[in-house]
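Take any residue in the sequence shown, count from 1 to its spot, add 93: that is its number in the numbering used here. One structure is given below, encoded as structure tokens.
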Amino acid sequence: MADPTPLQSLLHDRHVALGAKFSEFGGWSMPLEYPTGVVKEHAAVREGVGIFDVSHLGKLVVRGPGAVEFLNSTLTNDLHRIGPGKAQYSLVVDDATGGIIDDVFTYYRDDEHVLVVPNASNNEEVRRRLTEAAPEGIKIVDHHQDYVVLAIQGTKSDDVVAAVGLPVGHDYLTFVEAPFEADDTDPDPDALVIVCRTGYTGERGYELIASSKVAVALWDRLMAAGEALGLTPCGLGARDTLRTEMGYPLHGQDISSSITPNEARLGWAVGWKKPAFWGRDMLLAEREAGPRRKLVGIVSTGRAIPRPHMSVRLLRDVPLGEVTSGTFSPTLKKGIGLALVASAVNDEAEVMVDVRGRNEVFQITKPPFVTPSVRES
């Protein structure tokens, strides 16, 4: 029987010292919020800079001759659209059903080395599928607990990252590797930090992937350097409200093995002209016929706050679907969410959401709900 005890980040003790409230997520015990609270943490990212420990994310290294070609024949997006030093959002789908097994980021180091970052709860399933499909000479190595991932997000993120000697200013969806010494008296040539211009908040920022050897030192120096800049520790609660304002899907809610990329409106992450990828035939057929459902954004016209699984109906009480993600938007000061509804519904329609027995009016709106700054140079 598998050990039910949640895994902990290498920085767990640092979070305890800061008074974090923890929650189980994807098999890990991670900070949900700090004494500052979700709303203030959210505002810190939108207006200044926040730091997240997202070390629960998976880390799979795909190595060997033809690693890029192999991955390109499995994942939906086209790795030939990018090259070394660049990152790409992609999907792992079931070959028979087209359902989304996970959404991942790929970091293309070179033709024989790609880092794949799945969601925490799906890391093992993605590893299993890739391993079973890999030809001789391709290895998939699981580094789930060997590295930390720190997200520095917000308008002042460059200042914080630069203050600890790491490179900044590279383009969105690119990454660089840089040395970082935990102990200046005993330098470690392998102590590299991958500095990625990626994130899940919609704000300009970086995700730092660092080995366990330097995890604590990196956190401590970032916190010390960021103190004068108002760097705020943020938990998964704020990460969820920030990503919802952007309309970014969360696996297990907005996307899942029972939802296809076409239904989730993630066709932009599919290399439709590629000769092969998992689920290609099914997805092409569905795209041609038109999916029966679609993921939409919803905004409350009043004070109601939507929550997952609340039913969505037309004003004349015709069932349409259900809310997949819902929250109070600290930026807009109103309820927002994502919902999976029948494709026939107009993208500008008003709908009813059953909020604890009350019919509340919501406006279908195309995300993002808040103007992003993630691509700003």
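In this text, a Cβ means the ideal position worked out from N, Cα and C, and glycines have one as well. Nothing here was measured: the structure is a model prediction, and the numbers come from that model.
Pull up the CB-CB distance for Val185 and Val210, whole angstroms please, since I reckon it's below 8 Å.
-> Not confirmed; about 12 Å, so no contact.
Determine the extent of the alpha helix (DSSP H) in which Ser250 is found, giving its start and end residues.
-> Ser250 to Ala256
Could you spell out the range, first to last residue, of the alpha helix (DSSP H) harbouring His135?
-> Val131 to Glu140
Is DSSP giving Glu453 helix, strand or coil here?
-> strand
Between the Cα of Tyr293 and the Cα atoms of Leu343, His402 and Pro354, which residue gives the shortest distance?
-> Leu343
Please report how far the alpha carbon of Phe145 lies from the alpha carbon of Pro368, in whole angstroms.
-> 39 Å
Spatial neighbours of Arg222 in its chain, beta-carbon cut-off 6 Å, leaving aside the 5 residues before and after = none
In the DSSP assignment, find the beta strand (DSSP E) that holds Met123 and state where it starts and stops.
-> Trp121 to Glu126
Is the beta carbon of Ala331 sitting closer than 8 Å to the one on Val109?
-> no
Going by Cα to Cα distance, which pick from Gly178, Pro326, Val254 and Leu376 is closest to Glu300?
-> Val254
Per DSSP, what kind of secondary structure is Glu196 in: helix, strand or coil?
-> The sequence given here has Asp at residue 196, not Glu. Three-state result, Asp196: strand.
Along the beta strand (DSSP E) that carries Met445, what are the first and last residues, could you check?
-> Glu443 to Val448
Exposure label - Val473; buried when at least 16 CB within 10 Å = Here the chain covers residues 94 to 470 and nothing more, so residue 473 does not appear.
Is it true that the CB of Ser436 sits closer than 8 Å to the CB of Arg386?
-> yes
Starting from Ala435, trace the beta strand (DSSP E) both ways and give me its first and last residue.
-> Lys427 to Ala435
Distance, Cα to Cα, Leu103 vs Leu111?
-> 15 Å
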